[in-house]
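**Student:** Residue numbers (my numbering), protein chains in the order written: chain A, 31 to 538; chain B, 962 to 1133.
(1) Are the C-beta atoms of residue 1032/B and some chain A residue less than 8 Å apart?
(2) From the DSSP secondary-structure annotation, give me the bridge partner or partners of residue 416/A.
(3) Counting only beta-carbon atoms, is residue 1119/B nearer than 8 Å to chain A?
(4) Taking 8 Å as the cut-off, does the region 262-274 of chain A touch the region 162-174 of chain A (at least 3 CB pairs, one atom from each stretch)?
(5) In the DSSP assignment, what residue or residues form a beta bridge with residue 256/A?
(6) Given a cut-off of 8 Å on the beta-carbon distance, is the pair residue 135/A and residue 355/A in contact?
(7) Can you name, in chain order, every residue of its own chain whose Cβ lies under 8 Å from the Cβ of residue 1106/B, other than the five neighbours on each side?
(8) Name the DSSP bridge partner or partners of residue 212/A?
(9) Buried or exposed, going by whether 16 or more other CB atoms sit within 10 Å of the CB of residue 395/A?
(10) Could you run through the region 1074-1093 of chain B and flag, in chain order, every residue whose CB is less than 7 Å away from some CB of chain A?
(11) Using DSSP with H/G/I as helix, E/B as strand and the rest coil, what is residue 1124/B?
(12) Using alpha carbons as the reference points, say which of 985/B, 972/B and 1032/B lies closest to residue 602/A.
(13) Find the residues of chain A that neighbour residue 982/B, judging by a C-beta separation of less than 7 Å, and give them in chain order.
(14) Is there a Cβ from chain D that is less than 8 Å from the Cβ of residue 1064/B?
(15) Are residue 300/A and residue 288/A close, meaning C-beta to C-beta below 8 Å?
(16) Under 8 Å between beta-carbons, which chain A residues line up against residue 976/B? List them in chain order, please.
(17) What first and last residue would you give for the alpha helix (DSSP H) that runs through residue 478/A?
(18) Going by DSSP, what residue range makes up the beta strand (DSSP E) through residue 369/A?
(19) Counting only Cβ-Cβ distances shorter than 8 Å, please list the residues of the region 1099-1123 of chain B near chain A, keeping chain order.
(20) Grouping DSSP H, G and I as helix and E and B as strand, with all else coil, what is residue 269/A?
(21) Just tell me which of 211/A, 386/A, 182/A and 319/A has its CA closest to the CA of residue 120/A.
(22) Note the first and the last residue of the continuous alpha helix (DSSP H) segment covering residue 967/B.
(23) Whose C-beta lies closer than 6 Å to the C-beta of residue 622/A among residues of the same chain, with five residues either side of it excluded?
(24) What first and last residue would you give for the alpha helix (DSSP H) that runs through residue 305/A?
(25) Let's see if you can read the secondary structure: which residues bound the alpha helix (DSSP H) around residue 440/A?
(26) If you drop the 5 nearest sequence neighbours on each side, which residues of the same chain put their C-beta closer than 6 Å to that of residue 202/A?
(27) Mapping DSSP to helix, strand and coil, what is residue 100/A?
(28) Return the CA-CA distance between residue 971/B and residue 133/A, expressed in angstroms with no decimal places.
(29) Pull up the distance between the alpha-carbon of residue 184/A and that of residue 222/A, whole angstroms please.
(30) So is residue 131/A in contact with chain B if we call contact Cβ pairs under 8 Å?
(31) Where does residue 274/A fall in DSSP's three states?
(32) I want to see whether chain B comes within less than 8 Å of residue 128/A, judged by CB atoms only; does it?
(33) When we look at the beta-carbon of residue 50/A and count the other beta-carbons within 10 Å, is it buried (16 or more) or exposed?
(34) Within 8 Å (strictly less), CB to CB, does residue 1039/B reach chain A?
(35) Suppose contacts are defined by Cβ-Cβ distances below 8 Å. Is residue 155/A in contact with residue 210/A by that definition?
(36) If you drop the 5 nearest sequence neighbours on each side, which residues of the same chain put their C-beta closer than 6 Å to that of residue 140/A?
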């Protein structure tokens, strides 16, 4: 993952010093940062390794007078009024008690777009390079395919003439229904969509590859390059290749979002597929919701403030990053394996928030200390496109008093909901391990918590699944997906998009 | 380690919610007594929508009956009187909610076991003199004496257990 470059970045801000600093200041700042981020003290910490490269690069520039002069000129050329985003990191407590055992601390990282971006003078629709990759296997026949056509027609209507659209339909093979083109002749594009018919099986890989091929034709940094995949089936045997294809696409700047329709698709696979580029995956449980879902997704893409966002997290040598979860927009579990966390797009007027869980070591010495250095990076769209990054380096106070701060409400609320998602995950893990009793208990606990939080529809589902598990040692596929995606969507604060009433409109 | 006050699971210090049961682990013992906050929540929400624990049954609400061991709940649009029991070939009158297909016979449900009455904005449950009795939240009902039903209540007809939920139809 070290292919990500940091061109266009201010070397002074990397080291956290002023441009007027002397060479000794530069050296001291570099030494301080290197002690934390050096690979020798950070084994198995790719986030730290990448940041170490960055600060070393910054130091090399500033240590050489000739290069430093050149860099100063470059920094001065960056217009002062350029739009940027900001990063705020909030810990679950600022004062931590030193203990003889490791302890958990949570951090809520929020990335805010420039508030000026919502003003008329800066308001502009981001240009899309969008490819719809749609499943048209036999199982899509009937209302599903019809709804999909309606959705595609509406998307064609809402796109601008400067946007690029392509459409790939796949079953056992992939067919490019609309090759990548500007959305000018809407009637002709719609006619092609109307001719689609359903047949055959589901082989996602071909569809995905053709989709990537279409997006590549117009691939450009100033566009929002995005693939929107919709499937209703499980694909066999080509998962590993598809995941590799999505990772390669992410490196080129192509993001993938996925939507699963009905019960048969593989949610774990789609989660992994979208995670490489920070896209989102969603569950649509009725054909009727398809149109709204797709339209909303495309509309949000046209409000992009910056794209190809990611967080780079370097925990201190004695601190461990355990998990990360994107709360908004579109809640999604994130992989922390690489230290780089792709976050996808940042929209105007909406922030990205990520909740992270760290483990702090036992027996910490008293005094102030750092925990993790977090960097947010992304391409900001404006008159021109520019890469921007901002750093947060939080310090915590280690004390030996037992007096505790109350955790911020934002963290408590978010974590309370994330806990629900984790509980259904635990039930699934227990089932996978063959522990029916634990799985039943987890689901019952989940039902109780949901009930206490006023989510009675979801609580009923959890209770029904608990009984199902107790008797058959298995969840129903519908119940499993519904619990997973609905507990997930609780976190966004928006009401879940698809209907949560499992019994009233079972139109699938 | 921090012990969860609800289920006794050991959690790492600093954890804010129990890994096992999902209950909040508040370090400040004063905030462990949640009732004030919860009562506030309930009373404020009663006016907006039917929630768990409330006895208020909105005009357009329906009853969802979750029968243990059945995956799909049964919906009832309550009229003035809903009789619950099991259909029997020897008598012509059928109950409004027939539990035969859920093993009512083996579980000792009477033909006319109990009834749910609807008044202004509440529901009441009455045992109709069943052979094996009706239990509301574990308490046996005295026949012909009405008891108020709340959202989330557990009812046992003989040995057959069901959960009652109120559902306002707007959420669809």
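Where is the CB? At the ideal position from N, CA and C, for every residue including glycine.
On a predicted model such as this, the values are computed, not experimentally measured, just so you know.
**Tutor:** This is what the structure gives:
(1) yes
(2) 410/A
(3) no
(4) yes
(5) DSSP output for residue 256/A lists 160/A and 285/A as bridge partner(s).
(6) no
(7) 1087 and 1088
(8) 194/A
(9) exposed
(10) Identification of residues in the region 1074-1093 of chain B having a C-beta nearer than 7 Å to some C-beta of chain A yields an empty set.
(11) strand
(12) With chain A running from 31 to 538 in the structure shown, residue 602/A is simply not present.
(13) Within chain A, the residues near residue 982/B are 475.
(14) As a matter of chain content, chain D is missing from the structure shown, whose protein chains are A and B.
(15) Against a cut-off of 8 Å, the Cβ pair of residue 288/A and residue 300/A comes out as a contact.
(16) 134
(17) 466-482
(18) No residue range can be given for residue 369/A, since it is assigned to no beta strand (DSSP E) and is classified by DSSP as neither H nor E.
(19) 1112 and 1113
(20) helix
(21) 386/A
(22) Counting along the chain, residue 967/B falls outside any alpha helix (DSSP H), and DSSP gives it neither H nor E.
(23) Here chain A comprises residues numbered 31 to 538, so residue 622/A is not present and cannot be evaluated.
(24) Residue 305/A: member of the alpha helix (DSSP H) spanning 297-305, first to last residue.
(25) 439-462
(26) So the qualifying residues of the chain are 230, 231 and 233.
(27) helix
(28) 13 Å
(29) Looking at the two C-alpha atoms, the distance is approximately 14 Å.
(30) yes
(31) helix
(32) no
(33) exposed
(34) no
(35) no
(36) 118, 381 and 383
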